[in-house]
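S.K.: Quick one: structure below, then a few questions.
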Amino acid sequence: MSSDSQASLKGEAAVHSSAASQGPPLSPATAKAPELPDELIQAGWSKCWSRRENRPYYFNRFTNQSLWEVPVLGQHDVISDPLGLNAAPAEGGDANLGNGQRKRRSSEEQAGGPNSLKRAKAEPTTPISPGAPGVKPWSDDKQGATPAQAAASPAPAPYRPAVVYWDLDVQTNAVIREHSPAEHLPPHPEIELQRAQLVTKLRQHYHELCHQREGIDPPRESFNRWLLERKVTDKGQDPVLPSDCRPVISPSMFREVMNDIPIRLSRIKYKEEARKLLFKYAEAAKKMMDSRNASPESRKVVKWNAEDTMSWLRRDHSASKEDYMDRLEHLRQQCGPHVTAVAKDSVEGICSKIYQLSCEYSRRLRHTHLGLLQDPPTEASEEEGAAAASATLAADPSPTPSRLVYCYPLRLARPSPPLPRVELHFENDVACLRFRGEMVKVNRGHFSKLELLYRYGCIDDSRFEKFLSRVWCLLKRYQVMFGGAANEGTGLQGALPVPVFEALNRHFGVSFECFASPLNCYFKQFCSAFPDTDCYFGSRGPFLSFRPVSGSFEANPPFCEELMDAMVTHFEDLLEQSSEPLSFVVFVPEWRDPVTPALARMEASRFLRHQMSVPAYEHEYRSGSQHICKREEMYYRAVHGTAVLFLQNAAGSTKWAPTPERLAELAASYRPSRAAQPPASPGPAQPPADAPSKAAGHDDNNNDGGGASPRDKMKERP
Numbered sequence: 000m001s002s003d004s005q006a007s008l009k010g011e012a013a014v015h016s017s018a019a020s021q022g023p024p025l026s027p028a029t030a031k032a033p034e035l036p037d038e039l040i041q042a043g044w045s046k047c048w049s050r051r052e053n054r055p056y057y058f059n060r061f062t063n064q065s066l067w068e069v070p071v072l073g074q075h076d077v078i079s080d081p082l083g084l085n086a087a088p089a090e091g092g093d094a095n096l097g098n099g100q101r102k103r104r105s106s107e108e109q110a111g112g113p114n115s116l117k118r119a120k121a122e123p124t125t126p127i128s129p130g131a132p133g134v135k136p137w138s139d140d141k142q143g144a145t146p147a148q149a150a151a152s153p154a155p156a157p158y159r160p161a162v163v164y165w166d167l168d169v170q171t172n173a174v175i176r177e178h179s180p181a182e183h184l185p186p187h188p189e190i191e192l193q194r195a196q197l198v199t200k201l202r203q204h205y206h207e208l209c210h211q212r213e214g215i216d217p218p219r220e221s222f223n224r225w226l227l228e229r230k231v232t233d234k235g236q237d238p239v240l241p242s243d244c245r246p247v248i249s250p251s252m253f254r255e256v257m258n259d260i261p262i263r264l265s266r267i268k269y270k271e272e273a274r275k276l277l278f279k280y281a282e283a284a285k286k287m288m289d290s291r292n293a294s295p296e297s298r299k300v301v302k303w304n305a306e307d308t309m310s311w312l313r314r315d316h317s318a319s320k321e322d323y324m325d326r327l328e329h330l331r332q333q334c335g336p337h338v339t340a341v342a343k344d345s346v347e348g349i350c351s352k353i354y355q356l357s358c359e360y361s362r363r364l365r366h367t368h369l370g371l372l373q374d375p376p377t378e379a380s381e382e383e384g385a386a387a388a389s390a391t392l393a394a395d396p397s398p399t400p401s402r403l404v405y406c407y408p409l410r411l412a413r414p415s416p417p418l419p420r421v422e423l424h425f426e427n428d429v430a431c432l433r434f435r436g437e438m439v440k441v442n443r444g445h446f447s448k449l450e451l452l453y454r455y456g457c458i459d460d461s462r463f464e465k466f467l468s469r470v471w472c473l474l475k476r477y478q479v480m481f482g483g484a485a486n487e488g489t490g491l492q493g494a495l496p497v498p499v500f501e502a503l504n505r506h507f508g509v510s511f512e513c514f515a516s517p518l519n520c521y522f523k524q525f526c527s528a529f530p531d532t533d534c535y536f537g538s539r540g541p542f543l544s545f546r547p548v549s550g551s552f553e554a555n556p557p558f559c560e561e562l563m564d565a566m567v568t569h570f571e572d573l574l575e576q577s578s579e580p581l582s583f584v585v586f587v588p589e590w591r592d593p594v595t596p597a598l599a600r601m602e603a604s605r606f607l608r609h610q611m612s613v614p615a616y617e618h619e620y621r622s623g624s625q626h627i628c629k630r631e632e633m634y635y636r637a638v639h640g641t642a643v644l645f646l647q648n649a650a651g652s653t654k655w656a657p658t659p660e661r662l663a664e665l666a667a668s669y670r671p672s673r674a675a676q677p678p679a680s681p682g683p684a685q686p687p688a689d690a691p692s693k694a695a696g697h698d699d700n701n702n703d704g705g706g707a708s709p710r711d712k713m714k715e716r717p
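Right, dumping it as structure tokens:
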């Protein structure tokens, strides 16, 4: 199939497959082809017509495959037998290979003999996006135009990004068990705007509570980490606001706020700074014990240590910086337990209040959202619908479909309502989308990427009528999730460099990202945090709910301790249950003082096949704000080492073994492509050798002293 013909197949397939349920596929009156067998239709195949080639072809809506010939179940069909276990022998020995695997084998064979040519012709191809990035696909001007009219009115010149940070042509090797559509409510700009206002209000409440109750600013990005940590255990229905978590008191928020009491400790560079910090800590600890309901014994211990420290400061003016830091560490050890005991109830009150407000906001938002999807908007109608669904399941006890299929984007069970108009205009290389005065921005390169992902992943909007509204919801969601301060939240979306992804795909068969988003993904197969907004752009849903049977995966999680620990549990569960080739290449910070539980568990896992370390400042990450930042700000140096671990079952280790040659290629791809110049920004910096230890609560990742230990910090921009 030529590249020109491929360019027209995707759009035609989307239009024709959506019309298949109402009648036969569109085709000239002279070409009346027989209907497909029921088993092929059940497997996702539909017959379409190629206007360019003037002949029929067959398209699979589950896998985005297209064939000129009638599909054959059990041979080329990856839906009924994705692992090729039941496939009939094919010429050239490729029957047991999926579409992506055949594609890679064909590209690796340099000699073009007759057998390889025959195999290439029989290989199913994947239709690519019609049109070019930058051409507005949601315009109706050329709908139904004849070829002559199209030739007379050529499309405008396409926008081509100067640099592309993704490869959406890589086919998946991830196999899952077929599942039912998800019950998330479809996104709507009105609801997303209200959610943004409520989350912003909740952030303000958190800031006010920290000031009023403890006299401190909230630890930097602790609210973002709270959202991440809560979603690990949250069983509520809102995609952002936690509403059903146990325990109610967040360990992450409690730990970080407590770490900044009685004062926030920052890194020290000079002797005078160390002297002032020691004095301020002693004074704040004594004042806190006097103003709180502390026990006489605790008040006595803290008062004695604080006065002893002040007396030492008054009489010793020749102490070195190291002396001051040692004295501060000793004071924290003596006073810390008493300060924690007296502040415990207050800090727990902060955590509990924020959670209760989140529950209330979540309930209010869902009621409003349901009002857009049904009439009248009552919660009783939702309960009736749930009861009807339960009755249906009771009447039909058939189990959930368990066929093995190549992974496909998550689908929502509820149809999307009509969406309001979103305005689009371009300012140089930035696409600006506006709804009710609220503007979100994305550079044109990533806007084109979202368009391509939408073509691949969306099945209910072939005319792109809802595209701009869904892009606005997507951008607003991530903007709200990560906060509005400069560089805030960019670490949550930090990604590996492009050469690393290329090496992972070439040498370890990686075709799937476990933690990504439509904005920063490299492959078109990925898991992300928000299934409702991201599913239209190819997301397979949250990774902790994703259960692959086989495949090779890359995992670079946000650096949240609770999330990383849950990730390891999920890895071991998947590797334990599957006998098919399954591999996870995991990238986590190499924090050793103390070691994170997730890293310790992976190093002790029986599925660990190899571990390598990439030193600090000798490798890069792609910025979490890559969809809006300047090109020269796209990469930043990692200020901590990165541990790369290969977790594989026996079959995965046989197929994608981390051999010395492959590991050497991966290490070489990690080398920065430009001179080492740590950019100036409010991110992490390397702590001095004589800085207080992490156990003392000093912040080694923020110049402003965020108050949390480095393992509590996410990947942050330096």
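Numbering that gives the first Met the number 0 numbers the first residue of the sequence shown as 0 and each following residue consecutively. The beta carbon of each residue, even a glycine, is placed where N, CA and C say it ideally should be. Here the structure is a predicted model, which means the values were calculated and not measured.
1) Taking buried to mean at least 16 other C-beta atoms within 10 Å of its own C-beta, is Phe58 buried or exposed?
2) Could you give the first and the last residue of the continuous alpha helix (DSSP H) run that contains Ala311?
3) Look at the alpha carbon of Asp166 and the alpha carbon of Tyr56, and state the distance between them as a whole number of angstroms.
4) Is the stretch 165-182 touching the stretch 518-532 in the sense that three or more CB pairs, one from each, lie closer than 8 Å?
5) Arg608 lies in the beta strand (DSSP E); which residues open and close that run?
6) Could you say which of Gly550, Pro261 and Lys230 lies nearest to Ala342 if we only look at CA atoms?
7) Identify which residue in Pro498, Tyr535, Arg224 and Lys475 has its Cα closest to the Cα of Leu451.
8) Report the partner residues of Arg176 according to the DSSP bridge assignment.
9) Where DSSP assigns a beta bridge to Met438, which residues make up the other side?
10) Please classify Gln576: does DSSP put it in a helix, a strand, or coil?
11) Going by CA-CA distance only, name the one from Asn648, Arg159, Tyr405 and Val421 that's closest to Asp428.
12) Could you give the first and the last residue of the continuous beta strand (DSSP E) run that contains Tyr56?
13) DSSP three-state label for His183, please.
14) Over what stretch of residues does the alpha helix (DSSP H) that includes Trp165 continue unbroken?
15) Determine the closest residue to Phe542 out of Arg469, Leu66 and Ala173, with distance taken between C-alpha atoms.
16) What does the alpha-carbon distance come out to for the pair Trp590 and Gln64?
17) Using CA coordinates, which residue listed in Glu560, Cys406 and Pro530 is at the minimum distance from Asn223?
18) Quick check on the burial criterion: 16 or more other C-beta atoms within 10 angstroms. Buried or exposed for His206?
19) In the stretch 617-682, which residue ranges form an unbroken beta strand (DSSP E) of at least 3 residues, counting only runs that do not cross its ends?
20) Within 10 angstroms of the Cβ of Lys268, are there 16 or more other Cβ atoms? Answer buried if so, exposed if not.
21) Return helix, strand or coil for Gln170, following the three-state DSSP convention.
22) Using the C-alpha atoms, what's the distance from Val163 back to Leu503?
23) Name the one or two DSSP bridge partners that Phe511 has.
24) What do you get for Ala281, buried or exposed, if any count of 16 or more other CB atoms within 10 angstroms of its CB means buried?
25) Please name the residue or residues paired with Trp48 in a DSSP beta bridge.
26) DSSP state of Gln333, grouped into three classes?
27) Using only alpha-carbon positions, find the residue among Ser345, Arg331, Arg661 and Arg365 that is nearest to Leu240.
28) In whole angstroms, give me the CA-to-CA distance for Ser516 and Val470.
29) Less than 8 Å between the CB atoms is what I'm expecting for Val346 and Val247, so what's the real figure, rounded?
30) Report the three-state DSSP secondary structure of Glu271 (helix, strand or coil).
31) Which same chain residues, not among the five before or five after Ser401, have their C-beta less than 6 Å away from its C-beta?
32) What does DSSP give as the partner residue(s) for His424 in the beta ladder?
33) With H, G and I counted as helix, E and B as strand and the rest as coil, what does DSSP make of Ser604?
34) Could you please give me the residues that DSSP links to Leu35 through a beta bridge?
35) Measuring alpha carbon to alpha carbon, tell me which residue in Leu372, Glu228 and Pro414 is nearest Pro180.
36) Per DSSP, Val247 forms a beta bridge with which residues?
M.R.: On the basis of the supplied data:
1) Here residue 58 refers to the residue found at position 59 when the sequence shown is read from its first residue. Counting Cβ neighbours within 10 Å, Phe58 comes out buried, since at least 16 surround it.
2) On the sequence shown, position 312 is the one that residue 311 refers to. Rather than Ala, the amino acid found at residue 311 in this sequence is Trp. Pro295 to Arg314 is the span of the alpha helix (DSSP H), which, as asked, contains Trp311.
3) Along the sequence shown, one-based indexing puts residue 166 at 167. Along the sequence shown, one-based indexing puts residue 56 at 57. Going by the C-alpha atoms only, they are around 26 Å apart.
4) yes
5) By one-based count along the sequence shown, residue 608 stands at place 609. Leu607 to Val613 is the extent of the beta strand (DSSP E) around Arg608.
6) Residue mapping note: residue 342 aligns to position 343 of the sequence shown, counting from 1. Comparing Cα-Cα distances from Ala342 to each of Gly550, Pro261 and Lys230, the minimum goes to Pro261.
7) On the sequence shown, position 452 is the one that residue 451 refers to. Taking only the C-alpha atoms, the option nearest Leu451 is Tyr535.
8) The sequence position of residue 176 within the sequence shown is 177, counting from 1. Partner(s): Leu403.
9) Counting from 1 along the sequence shown, the entry for residue 438 is found at position 439. Bridge partners of Met438: Arg433.
10) Here residue 576 corresponds to residue number 577 of the sequence shown, with the count starting at 1. It is helical.
11) Counting from one through the sequence shown, the residue named residue 428 turns up at place 429. Closest by alpha carbon: Arg159.
12) If you number the sequence shown from 1, residue 56 lands on position 57. Arg54 to Asn59 is the span of the beta strand (DSSP E), which, as asked, contains Tyr56.
13) Counting from 1 along the sequence shown, the entry for residue 183 is found at position 184. Of the three classes helix, strand and coil, the one that applies to His183 here is coil, per DSSP.
14) Along the sequence shown, read from residue 1 onward, the residue named residue 165 stands at position 166. From DSSP, Trp165 is part of no alpha helix (DSSP H); its letter is neither H nor E.
15) Indexing the sequence shown from 1 puts residue 542 at position 543. When each option's Cα is compared against that of Phe542, the closest is Ala173.
16) Taking the first residue of the sequence shown as 1, we reach residue 590 at position 591. Taking the first residue of the sequence shown as 1, we reach residue 64 at position 65. For Trp590 and Gln64, the distance between alpha carbons rounds to 44 Å.
17) Taking the first residue of the sequence shown as 1, we reach residue 223 at position 224. The candidate whose alpha carbon is nearest that of Asn223 is Glu560.
18) Start at 1 with the first residue of the sequence shown, and residue 206 comes out as number 207. By the neighbour-count rule (16 or more Cβ atoms within 10 Å), His206 is not buried but exposed.
19) Segments of the beta strand (DSSP E) lying fully in the stretch 617-682: 619-621, 634-636 and 641-647.
20) Position 269 of the sequence shown holds residue 268. It counts as exposed.
21) Here residue 170 is taken as the residue at index 171 of the sequence shown, counted from 1. Coil, per DSSP.
22) In the sequence shown, the residue the question calls residue 503 occupies position 504. In the sequence shown, the residue the question calls residue 163 occupies position 164. Their Cα atoms are separated by approximately 18 Å.
23) Taking the sequence shown and counting its residues from 1, one reaches residue 511 at position 512. Its beta-bridge partners are Phe552.
24) Residue 281 sits at position 282 when you count from the first residue of the sequence shown. Classification of Ala281: buried, given that the 10 Å Cβ count is 16 or more.
25) To locate residue 48, count along the sequence shown from 1; it is residue 49. Trp48 pairs with Pro55.
26) Locating residue 333 in the sequence shown gives position 334, where the first residue counts as 1. Note: Gln333 maps to helix in three-state DSSP.
27) As a working mapping, residue 240 is identified with position 241 in the sequence shown. Closest by alpha carbon: Arg365.
28) By one-based count along the sequence shown, residue 516 stands at place 517. By one-based count along the sequence shown, residue 470 stands at place 471. If you take the alpha carbons of Ser516 and Val470, they lie about 13 Å apart.
29) Along the sequence shown, one-based indexing puts residue 346 at 347. Along the sequence shown, one-based indexing puts residue 247 at 248. Not confirmed; about 13 Å, so no contact.
30) If you number the sequence shown from 1, residue 271 lands on position 272. Helix.
31) Reading the sequence shown from its first residue, position 402 is the one you call residue 401. If we look at Ser401 and ignore the five residues flanking it on each side, its Cβ neighbours are Arg176.
32) Start at 1 with the first residue of the sequence shown, and residue 424 comes out as number 425. DSSP, once it has assigned bridges, lists Cys431 as partnering His424.
33) Counted from its first residue, the sequence shown places residue 604 at position 605. Note: Ser604 maps to coil in three-state DSSP.
34) Numbered from its first residue, the sequence shown carries residue 35 at position 36. In the DSSP output, where bridge partners are listed per residue, Leu35 has none listed.
35) To locate residue 180, count along the sequence shown from 1; it is residue 181. In terms of CA proximity to Pro180, Pro414 leads the group Leu372, Glu228 and Pro414.
36) Locating residue 247 in the sequence shown gives position 248, counting from the first residue. None, per the DSSP bridge assignment.
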